[in-house]
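Protein chains: 2
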Amino acid sequence: MARASTTSDTFNAVAEPRRREILSYLAGAERPVGEIVEALGLEQTSVSKHLRVLRNVGLVRMRCQGRQKLYRTNAEAIRPLHEWAGTFERYWQHQLHRVKARAEAMALQGLSDLKPSDTKLKEK
Amino acid sequence: MARASTTSDTFNAVAEPRRREILSYLAGAERPVGEIVEALGLEQTSVSKHLRVLRNVGLVRMRCQGRQKLYRTNAEAIRPLHEWAGTFERYWQHQLHRVKARAEAMALQGLSDLKPSDTKLKEK
DNA sequence: TTGACATATGCCTATATCGGCATGTAATGT
DNA sequence: ACATTACATGCCGATATAGGCATATGTCAA
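Chains A and B, in that order, are what the protein sequence lines are.
Residues in the first sequence are numbered consecutively from 1, following this note's numbering.
Residues in the second sequence are numbered consecutively from 125, following this note's numbering.
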């Protein structure tokens, strides 16, 4: 099997770089498809297809106006993602504290026993 | 062409539900692969492959201990995602304010001119 | 009605994935 | 040295996707 249905999942929808660009572009204001095409330099059919995916997961809203269709980002649909990522916040803060504490401890010791073989400085 | 290289992108890495499960499971503590397999009820080879993807984008860290390999989530690598989603925060707040304002306006008017044909209640 | 404009959709191909299975590799125990 | 444990990797098939192209749909204008 391949990846589990991209089309119906917010995480998969934003995994595509162009879709993220579109979301950012449509965050502040409503725009017709043509403007997106021009602004982002993409093919029209490509934009239409990305918009379709984004609509299916509720990341954008559409409104018809004459022969144009105005799209805008539905920012609320991005919240779940923000919140999911936020559940890890306490952990990265924890890690930062550890790093900071270690740095301070070393400073107190005047880095006297800091030997390359002893440290995990290669972190990264 | 298909989707642009999933393996080297954080957004794509977390697009996979099982990988998200693994990240959550490894957020608090270091664990050997076997425990992940057992805890999440996945195939061992599948877990290994997901861990590989997660490692490639820095979402997990690995440490060898005897014949085990201990993995843990590198929460910091999730921050960019959190921050990206956070750039939309002002917009969803904005939308909430609009909704609230409209609701209050309607309340003030006693909903006198609220007609089904007039509203976009069919919104989903 | 005819035609131009704005957007959507269908078909096709190349590619990238996930999962399953078998196998490879490294560390430990006997 | 050999078996066992703990993971990783390679190959395969099924599927889903993105992009390109042609075309369909829908709206306005003359």
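C-beta atoms are modelled at their ideal positions from N, C-alpha and C, and glycine is treated no differently.
From a predicted model like this one, the values you see are computed outputs, not experimental measurements.
Any chain A beta carbon closer than 7 Å to Ile160/B: Answer no: the Cβ-Cβ gap between Ile160/B and chain A never drops below 7 Å.
Helix, strand or coil at Asn136/B according to DSSP, with G and I counted as helix: Asn136/B: helix per DSSP, three-state reduction.
Can you tell which of Glu30/A, Thr87/A and Ala103/A has the C-alpha that lies nearest to the C-alpha of Met62/A? Looking at the Cα atoms, Glu30/A is the closest of the given residues.
Is there a Cβ of chain A sitting closer than 7 Å to that of Glu228/B, yes or no? Interface annotation, Glu228/B: not in contact with chain A, CB-CB separation never under 7 Å.
As assigned by DSSP and simplified to three states, the class of Arg191/B: Correct three-state label for Arg191/B: coil.
Does Glu167/B have its Cβ less than 7 Å from a Cβ in chain A? Not a single CB atom of chain A sits nearer than 7 Å to the CB of Glu167/B.
Is the Cβ-Cβ distance between Val37/A and Val53/A less than 7 Å? Cβ distance not < 7 Å, so Val37/A and Val53/A don't count as in contact.
Extent of the continuous alpha helix (DSSP H) run through Val99/A: Counting along the chain, the alpha helix (DSSP H) containing Val99/A begins and ends at Glu89 to Leu108.
Can you find a CB in chain A that lies within less than 7 Å of the CB of Tyr195/B? Tyr195/B does not count as touching chain A.
In whole angstroms, give me the CA-to-CA distance for Gln189/B and Val60/A. Cα-Cα distance, rounded: 48 Å.
Through-space distance from Arg98/A to Gly165/B, alpha-carbon basis: Each residue's Cα considered, the two are about 32 Å apart.
Pick out whichever of Ala77/A, Thr45/A and Gln68/A has its Cα sitting closest to the Cα of Asn56/A. Nearest option by C-alpha distance: Ala77/A.
Supposed close pair Arg19/A, Trp216/B - CB separation, criterion 8 Å: About 18 Å separates the beta carbon of Arg19/A from that of Trp216/B, a gap too long to meet the 8 Å contact definition.
With 7 Å as the threshold, decide whether the Cβ of Leu40/A is near any Cβ in chain B. By the rule that beta-carbons nearer than 7 Å mark a contact, Leu40/A does not touch chain B.
Please report the straight-line C-alpha distance between Thr211/B and Leu26/A, rounded to a whole angstrom. Each residue's Cα considered, the two are about 13 Å apart.
Quick one: list the residues of chain B neighbouring Arg79/A, beta-carbon separation under 7 Å, in chain order. In chain order: Trp216.
Contained alpha helix (DSSP H) runs [length at least 4] in the stretch 143–202 of chain B, N- to C-terminal order: As far as the stretch 143–202 of chain B is concerned, its whole alpha helix (DSSP H) runs of at least 4 residues are 157–164 and 168–180.
Distance between beta carbons of Gln192/B and Pro141/B, contact taken as under 8 Å: Contact between Pro141/B and Gln192/B is absent: CB atoms are separated by about 26 Å, not below the 8 Å threshold.
Going by C-alpha to C-alpha distance, which of Arg102/A, Ser8/A and Asn74/A sits closest to Ala209/B? Distance from the Cα of Ala209/B is smallest, within the candidate group Arg102/A, Ser8/A and Asn74/A, for Asn74/A.
Is there a C-beta anywhere in chain B that falls below 7 Å from the one on Glu76/A? In terms of beta-carbon proximity, Glu76/A lines the interface with chain B, with at least one pair separated by less than 7 Å.
Measuring alpha carbon to alpha carbon, tell me which of Leu51/A, His82/A and Glu83/A ends up nearest Leu70/A. Comparing Cα-Cα distances from Leu70/A to each of Leu51/A, His82/A and Glu83/A, the minimum goes to Leu51/A.
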